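In my numbering, the protein residues as written are 22 to 276. First the structure, in the form of C-alpha cells, and then the observations on it.
Right under this line is the structure:
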C-alpha cells in the first residue's frame with residue numbers, strides 16, 4: 022500500500038514527461054520537412070492517436086498509422102518515411118547512450134559491458150551524424166539527447182519502484198537497474214512482432230538481473246517490471262483518450 026500510494030502519482034508524471042519529450046522530438050522532425058507550420062498540439066494529437074497501435078501484433082502499426090496521416094501534415098509518403106526512420110535511429114542511439122551513461126556511473130559494471138556499450142554509442146552516433154546529411158547535425162545531436170532523457174526516465178521509474186521495496190538500496194543499485202532496464206527497453210523495441218515490446222522487455226530485464234547477480238530479490242524484480250508495464254499502458258491509454266478532447270481544436274487548425 023505504501024508503494025502504491027507514494028509512487029503512482031510520481032511515476033505517472035515521469036511517464037507522461039517521457040512521452041512528451043518523445044513527441045517533441047517527433048514534432049521537430051515534422052517541422053524540418055513539412056511545408057506548413059503547425060503547433061506542437063497537432064504533433065501531440067497525431068502521435069498519441071497512432072502510438073496506441075504499437076500494442077497491435079507486429080509492433081509496426083503506429084508507424085503505419087503515421088504514414089496514413091502524412092497528407093494531413095502536408096508531408097509526402099517519402100518524407101514521412103524518412104521521419105519515421107530517423108525517429109527509430111534516434112531511439113536506438115538515445116537508448117544506447119542512456120544505458121551507457123547509467124553503466125559508467127555505476128561502480129561495478131563489468132569492463133566488457135562498459136566497452137561494448139561505449140563502442141555501440143560511438144558507432145550509432147556516427148551513423149546518426151551521417152544519415153540524411155541535409156538534416157542539420159547539431160539538431161540531430163540535440164534530439165538524440167532529448168531521446169536519451171526520455172528513455173532514461175523509464176529506467177528511473179523502474180529503479181524508484183525497486184527502491185521502495187528494498188531495505189538496502191544504494192545509488193549504485195539504482196544506476197544498475199536503470200541501465201539494465203533502458204537496454205531491455207531497446208531490445209523490446211527492436212524485436213520484430215513484439216507488440217509494444219510486451220514480454221520481451223520484461224523477460225530481458227529479469228534475465229539480465231539474474232545473469233549479473235544483482236542483489237535484489239526475484240519477487241521484487243518481477244513485481245517491479247510488471248508494475249512499470251502497467252503504468253506504461255495506463256498512461257498510453259490516458260493520452261490516447263485525451264485526443265478526443267482536442268477534436269474541435271484540430272478542426273479549427275484544419276489539420
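C-beta atoms are modelled at their ideal positions from N, C-alpha and C, and glycine is treated no differently. Keep in mind that this is a model prediction, so the values were computed, not measured.
ask   = Roughly how many angstroms separate the alpha carbons of residue 54 and residue 209, rounded to a whole number?
value = Between the C-alpha atoms of residue 54 and residue 209 there is a straight-line separation of about 29 Å.
task = Pull up the CB-CB distance for residue 155 and residue 42, whole angstroms please, since I reckon it's below 8 Å.
result = Actually they do not touch by this definition, with Cβ atoms about 24 Å apart.
message = Using C-beta distances below 8 Å, list every residue in its chain close to residue 98, excluding the 5 sequence neighbours before and after it, in chain order.
response = Answer for residue 98: 88, 91, listed in chain order.
query = Taking the Cβ atom as the reference point for each residue, do residue 242 and residue 230 lie within a distance shorter than 7 Å?
reply = Yes, the pair counts as a contact, with Cβ atoms nearer than the cut-off.
Neighbourhood of residue 22 by C-beta distance below 6 Å, restricted to the same chain and skipping five residues each side = Since pLDDT at residue 22 reaches only 48, below the 50 mark, its modelled position is unreliable, and the value read off the structure follows with that caveat. No residues qualify anywhere along the chain.
Bounding residues of the alpha helix (DSSP H) (the contiguous stretch that carries residue 107) = 98 to 126
inquiry  = Spatial neighbours of residue 50 within its chain, please: C-beta separation below 7 Å, excluding the five flanking residues on both sides.
reply    = Excluding residues within five positions, the ones whose Cβ falls inside 7 Å are 104, 107, 108.
task = Determine the DSSP secondary structure at residue 22, reduced to helix, strand or coil.
result = Note that residue 22 scores 48 on pLDDT, short of 50, meaning its location in the model is unreliable; the coordinates nonetheless yield the value given after this. Note: residue 22 maps to coil in three-state DSSP.
message = Please classify residue 191 as buried or exposed, where buried requires at least 16 other C-beta atoms within 10 Å of its C-beta.
response = exposed
ask   = Does the Cβ-Cβ distance between residue 73 and residue 257 come in under 7 Å?
value = Note that the C-beta distance between residue 73 and residue 257 is below 7 Å.
key: the segment 76 to 86 in contact with the segment 137 to 144 per 3-pair CB rule at 8 Å   = no
ask   = Among 151, 261, 168, which one has its Cα closest to the Cα of residue 46?
value = 168
inquiry  = Please return the same chain residues whose Cβ sits closer than 7 Å to the Cβ of residue 226, not counting the five positions on each side in sequence.
reply    = 201, 202, 205, 246
ask   = Given residue 275, which residues of its chain have a CB within under 7 Å of its CB, disregarding the five upstream and five downstream residues?
value = Nothing listed; no residue qualifies.
inquiry  = I need the straight-line Cα distance from residue 121 to residue 180, nearest angstrom please.
reply    = 16 Å
ask   = Expressed to the nearest angstrom, what Euclidean distance is found between the alpha-carbon atoms of residue 33 and residue 184?
value = 17 Å
request  = Can you give me the Cβ contacts of residue 244 inside the same chain, cut-off strictly under 6 Å, excluding the 5 residues immediately before and after it?
outcome  = none
key: Helix, strand or coil at residue 80 [DSSP, three-state]   = coil
Secondary structure of residue 278, DSSP reduced to three states = In the structure as shown, the chain begins at 22 and stops at 276. Residue 278 is therefore absent and cannot be evaluated.
Classification of residue 148 by the beta-carbon crowding that lies within 10 angstroms, buried from 16 upward = Residue 148 should be labelled exposed.
request  = Quick one: using the 10 Å Cβ neighbour count with 16 as the cut-off for buried, is residue 36 buried or exposed?
outcome  = buried
key: Buried or exposed by the 16-neighbour rule on C-beta atoms within 10 Å, applied to residue 39   = Under this definition residue 39 is a buried residue.
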